[in-house]
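Numbering (the numbering used here), first residue to last: 254 to 347. Ideal Cβ positions, reconstructed from N, Cα and C, are used throughout, including at glycine. Structure first, then comments.
Here it is in structure tokens:
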């Protein structure tokens, strides 16, 4: 890099800091709220086999430019009756 030129850091895809994604903070906050809401309302546990023993998923990832976890089994249950009512009160279409 040239002396005096800013390091692109987190904004590299938008031109060395001259242009930044205007929605980056909103996207990060929206993701945080979504994850916090899921964790508040649901118990997420490993799936169980026919004997009732927990089956721990294998930690495997897809390959390629965007890597993501492979499919795995888990159990998702509402934490309480109040949580279930909150979940059911959410409109299915936006």
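Query raised in the report: residue 301 by DSSP, collapsed to three states: which one?
Result: Strand.
Report task. Classify residue 286 as helix, strand or coil using the three-state DSSP reduction. Result -> Helix, per DSSP.
Requested in this report: Can you tell me which of 300, 305, 277, 290 puts its alpha carbon nearest to the alpha carbon of residue 311?
Outcome: Residue 300 is the option with its Cα nearest to residue 311.
Query raised in the report: Taking the beta strand (DSSP E) that residue 330 falls in, what are its first and last residues?
Result: Its beta strand (DSSP E) spans residues 327 to 331.
Query raised in the report: In its own chain, which residues sit with a C-beta less than 8 Å from the C-beta of residue 339, not counting the 5 before and 5 after it?
Result: Closer than 8 Å at the Cβ level, and outside the excluded window around residue 339, lie 294.
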